[in-house]
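Q: I have a structure I would like to understand better, so I am pasting it below and will then ask my questions one at a time.
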Amino acid sequence: MLFLQLACVVSAASAASAASAASAPPTASAPPALMPPQSPASDALDVDLGYAIYRGFPNATTGIDTWRGIRYAAPPTGALRWQSPQLPAVDRSATIHANAYGPQCNQISFSGMPGLASRMGAGDFEQSEDCLFLNVQSPAEAVDLPVLVWIHGGGYGAGSGQDDFTELLQTNGNSFVVVSVQYRLGPFGFLASEEVVRRGVANAGLLDQFFALQWVQAHIHRFGGNASMVTVSGESAGGGSVMLQGMAYGGSVGDALFRSAIAASPYLPRQYAYDDLRPTQVYHAFADHAGCRTDGASQPLFDCMVSRDTATLQKASAAVTAGMPYGAWAFLPVTDGVFIQDEPSRQLLRGKLNGRSLLVGNNANEGPLFTPQNITTEPDLRTFLRLTLPEFGEEDLDKVLRYYPDSNASAFSQPKQFTTNVSGLSSLAAEQQQRANNIYAELTFVCPSYWLAEAYSSQGRRAYKYAFNVQPGTHASDLHGYLGPLGGVPYLSADVQRAFMMMWGRFVTEEQPSIPHAVAAGTGTDAAAQWPAFSAPQPYQLNIDQTGGKPAVAAMGVYSPVDTPYFTEPGLEPDFSLVNAYTWEYERGTRCDFWRSLAAIIPA
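For reference, each letter of the sequence shown is one residue, going 99 to 702 in this note's numbering.
This is how it looks when you write it as structure tokens:
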């Protein structure tokens with residue numbers, strides 16, 4: 099019964115008090131107390147969590163023990179829908195064989211690419227609202243090892259915790275433990291409005307992540323991990339989640355949940371206040387499609403939606419998403435005044451953060467997946483920008499276009515305004531299309547990585563910045579760099595993969611991503627073996643690239659909406675170099691400063 103005695107991350111009492119309170123906005127507060135750890139287990143693969151016993155399974159070939167489908171919170175269903183995560187019920191009646199993943203959280207896609215959820219791996223896998231499960235991979239007989247926590251991406255609406263980290267672990271000598279986490283997605287995790295906050299919680303998916311990080315503090319020692327040596331990581335929305343966990347409770351958590359963070363392509367869409375017009379409109383549209391009257395003539399909307407079944411809400415979610423602009427998601431994190439107390443661009447500037455060190459990066463071509471690929475004229479571009487930035491007036495759009503001039507503008511001596519990789523023009527687009535691609539990329543993924551690097555390079559913290567420039571360099575193409583399969587990716591040299599994996603591993607174990615010279619060596623400099631920290635006076639960025647190989651063109655599935663040029667074996671070699679992140683890509687730092695100056699309008 100030990101687990102019942104733990105203090106919940108966000109207590110059930112908070113939901114009850116919110117329901118009984120008047121419609122006052124939430125007030126900022128310190129985070130609740132952490133879950134206290136429990137005594138270690140007696141059997142290496144039978145792990146007693148207090149509320150349940152899970153049996154892992156070994157792999158003698160890899161030397162890695164695995165536990166899948168570990169419940170870390172109660173099912174967020176029925177009365178717990180849109181409430182803070184709660185402790186699991188105690189059930190010690192039998193040992194659970196942890197050899198199968200738990201159900202994935204219910205998925206949605208985004209406008210313009212309705213098949214994305216299935217292409218990201220959801221497919222025919224079981225989906226359920228009862229999805230708060232995590233997975234652990236730990237070296238055999240592990241004791242007191244550092245811990246990597248992985249938060250998956252997917253636009254806060256798709257994805258799962260079913261990634262495999264075997265090759266990352268083996269490349270790093272099985273030197274740390276990995277925990278992969280699932281969290282509520284789409285409307286189940288990110289519905290927001292005044293009524294949602296008054297009757298439940300906004301940002302339920304982020305609260306799930308925080309709860310899982312607390313679970314790690316309470317239990318990871320049972321799997322051979324050291325709770326004081328945790329690195330939280332993620333890509334895309336997972337990277338954005340890392341950023342928001344770094345901001346949680348106004349940065350007052352400190353190092354209590356993690357000491358370091360890795361944010362790959364951190365996703366920063368528009369972040370409204372929970373009761374702003376946009377999330378309120380989405381809330382009412384969702385209720386309407388769920389068959390809940392929005393004129394107040396029947397039961398409250400919140401009660402009506404709590405009573406609806408999952409299938410009805412999934413259909414409502416799809417209907418709302420279909421009305422979004424191309425590449426946009428309907429259900430996203432908001433500023434709720436408690437867990438997320440400010441917009442990232444402002445809080446990061448103040449340096450109010452959790453954790454003490456950061457590895458952050460972006461890819462060369464982040465934009466094409468989220469940008470309609472039919473922009474051929476400047477009027478086309480302005481139409482796209484009006485949809486992407488609805489708060490902007492025409493004068494604001496004029497400013498944007500001045501910072502992203504036509505590549506044929508007389509101010510530039512060559513048409514390389516936005517090359518997006520070190521080898522020349524973008525391999526995916528040119529002219530107006532490339533302007534659109536790069537505007538979206540820098541606003542949504544690239545500049546947030548700069549802002550994070552700046553924030554973690556002050557007040558006694560340390561940051562390292564990279565750019566993944568291997569063609570095609572599209573959004574999420576870096577995943578194969580550090581997750582593998584090693585030597586099994588057409589556009590990636592196995593040596594580049596091995597080096598990238600070791601950068602992650604060194605950062606997890608030592609909080610410093612430099613790698614041995616023998617691994618870093620290639621046709622470029624020895625930059626990766628002597629990787630200095632990022633700072634405002636010296637904004638070092640490691641460019642991760644490769645040279646050689648033979649050209650190829652292929653469809654890249656989820657990574658790109660168009661056929662994509664790249665280089666393949668034989669002949670690929672690593673090519674790493676250190677550059678100035680601010681002057682890179684024709685003064686990218688200046689453009690990121692421009693976006694930050696407009697963050698209050700966006701908002702971001």
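Yeah, the Cβ is synthetic: ideal placement off N, Cα and C, and Gly gets one too.
State the start and end residues of the unbroken alpha helix (DSSP H) segment that holds Pro442.
A: Taken as a continuous stretch (DSSP letters only), the alpha helix (DSSP H) holding Pro442 covers 442 to 448.
Q: Using the Cα positions of Phe674 and Asn536, report the straight-line distance between them to the nearest angstrom.
A: Taking the straight line from one Cα to the other gives about 23 Å.
Q: Taking Cβ to Cβ, would you say Ile613 is nearer than 7 Å to Ala534?
A: For Ile613 and Ala534, no; Cβs fall outside 7 Å.
Q: Is it right to say Ile699 is buried, meaning 16 or more other beta carbons lie within 10 angstroms of its own, or is it exposed?
A: Counting Cβ neighbours within 10 Å, Ile699 comes out exposed, since fewer than 16 surround it.
Q: Throw me the rounded Cβ distance for the Ala310 and Tyr170 pair, which I believe falls under 8 Å.
A: Contact flag correct, Cβ pair sits at about 5 Å.
Q: Quick check on the DSSP output: the alpha helix (DSSP H) that includes Ser695 runs from which residue to which?
A: Counting along the chain, the alpha helix (DSSP H) containing Ser695 begins and ends at 682 to 695.
Q: From this set, Asp189, Pro488, Asp163, which residue's C-alpha is nearest Phe263's C-alpha?
A: Answer by Cα proximity: Asp163.
Q: Which residues does DSSP pair with Thr474 in a beta bridge?
A: The partner list for Thr474 (beta bridge, DSSP) is empty, contrary to what the question assumes.
Q: Consult DSSP for His87 and reduce its assignment to one of helix, strand or coil.
A: The question about residue 87 has no answer, for the chain in this structure spans 99 to 702.
Q: Roughly how many whole angstroms lie between the Cα atoms of Ala354 and Thr666?
A: So the alpha carbons of these two residues sit roughly 44 Å apart.
Q: Straight-line CA distance for Val247 to Gln315?
A: Cα to Cα, the separation comes out at about 11 Å.
Q: Establish whether the CB of Ala300 and some CB of chain C are separated by less than 7 Å.
A: Within the model displayed, chain C is absent; a lone protein chain is all it includes.
Q: Considering only C-alpha positions, which residue in the set Asp691, Leu479, Gln379 is nearest to Ala428?
A: When each option's Cα is compared against that of Ala428, the closest is Gln379.
Q: Quick check on the burial criterion: 16 or more other C-beta atoms within 10 angstroms. Buried or exposed for Pro375?
A: The question names Pro, yet the displayed sequence has Leu at residue 375. It counts as exposed.
Q: Exposed or buried, which one is Ala122 when buried takes at least 16 other CB atoms within 10 Å?
A: Note that Ala122 has pLDDT 45, beneath the 50 cutoff, so the model's placement of it is unreliable and the number below is only indicative. Classification of Ala122: exposed, given that the 10 Å Cβ count is below 16.
Q: Output yes or no for whether 7 Å exceeds the beta carbon distance between Leu366 and Pro244.
A: Cβ distance not < 7 Å, so Leu366 and Pro244 don't count as in contact.
Q: Below 7 Å between beta carbons: does that hold for Ala238 and Gly323?
A: The answer is no: Cβ separation not under 7 Å.
Q: DSSP state of Thr433, grouped into three classes?
A: The answer is strand: DSSP assigns Thr433 an E or B state.
Q: Using a Cβ-Cβ cutoff of less than 6 Å, which residues in the same chain neighbour Tyr548 once the five nearest sequence positions on both sides are dropped?
A: Hits under 6 Å: Cys690.
Q: By DSSP's criteria, Lys648 is part of a beta bridge. Which residues make up the other side?
A: Note: Lys648 sits in a beta bridge opposite Thr666.
Q: For the segment 565 to 653, which segments carrying the alpha helix (DSSP H) assignment without a break, of at least 4 residues, lie completely within its bounds, in sequence order?
A: The qualifying runs are 577 to 581, 592 to 608, 615 to 618.
Q: Of all the beta strand (DSSP E) runs that stay within the bounds of the segment 233 to 282, which reach a length of 3 or more residues?
A: Within the segment 233 to 282, the complete beta strand (DSSP E) runs of at least 3 residues are 243 to 249, 275 to 279.
Q: At the level of alpha carbons, what is the spacing between Leu640 and Trp629?
A: The alpha-carbon atoms of Leu640 and Trp629 are separated by roughly 7 Å.
Q: Return the residue from the list Tyr199, Ala177, Gly344, Phe288 that minimises the CA-CA distance to Val277.
A: Minimum Cα distance to Val277 is reached at Tyr199.
Q: Helix or strand or just coil, what does DSSP make of Asp373?
A: Reduced to three states, the DSSP call for Asp373 is coil.
Q: For Thr175, which of helix, strand or coil comes out of DSSP?
A: Three-state result, Thr175: coil.
Q: Can you grab the Cα-Cα spacing for the pair Gly219 / Ser575, in whole Å?
A: At Gly219 the pLDDT is 45, less than 50, meaning the model places this residue with poor confidence and gives no usable figure here.
Q: From this set, Arg282, Trp602, Ser358, Gly298, which residue's C-alpha is nearest Ser326's C-alpha?
A: It is Ser358.
Q: Could you pull the start and end residues of the alpha helix (DSSP H) that Met327 belongs to?
A: No alpha helix (DSSP H) holds Met327; the beta strand (DSSP E) holding it covers 323 to 333.
Q: Output the distance between the C-alpha atoms of Arg484 and Phe468, rounded to the nearest integer angstrom.
A: Roughly 15 Å separates the two Cα atoms.
Q: Taking the C-alpha atoms as reference points, what is the distance between Leu523 and Trp682?
A: Below a pLDDT of 50, predicted positions are generally treated as unreliable, and Leu523, at 48, falls in that range; the measurement from the model is reported next regardless. About 14 Å.
Q: If Ser331 and Val275 are in contact, beta carbons under 8 Å, what's the gap, nearest whole angstrom?
A: The pair is not a contact, with the Cβ atoms about 13 Å apart (cut-off 8 Å).
Q: Looking at the structure shown, is Cys545 part of a helix, part of a strand, or coil, going by DSSP?
A: Helix, per DSSP.
Q: Do you know whose CA, among Gly255, Arg320, Val234, lies nearest Asp261's CA?
A: The shortest C-alpha separation from Asp261 is found at Val234.
Q: Could you name the residues that DSSP lists as bridge partners for Leu457?
A: According to DSSP, which records beta bridges pairwise, Leu457 is partnered with Ile360, Tyr562.
Q: Does Val340 pass the burial test, meaning 16 or more other C-beta atoms within 10 Å, or should it be called exposed?
A: Label assigned to Val340: buried.
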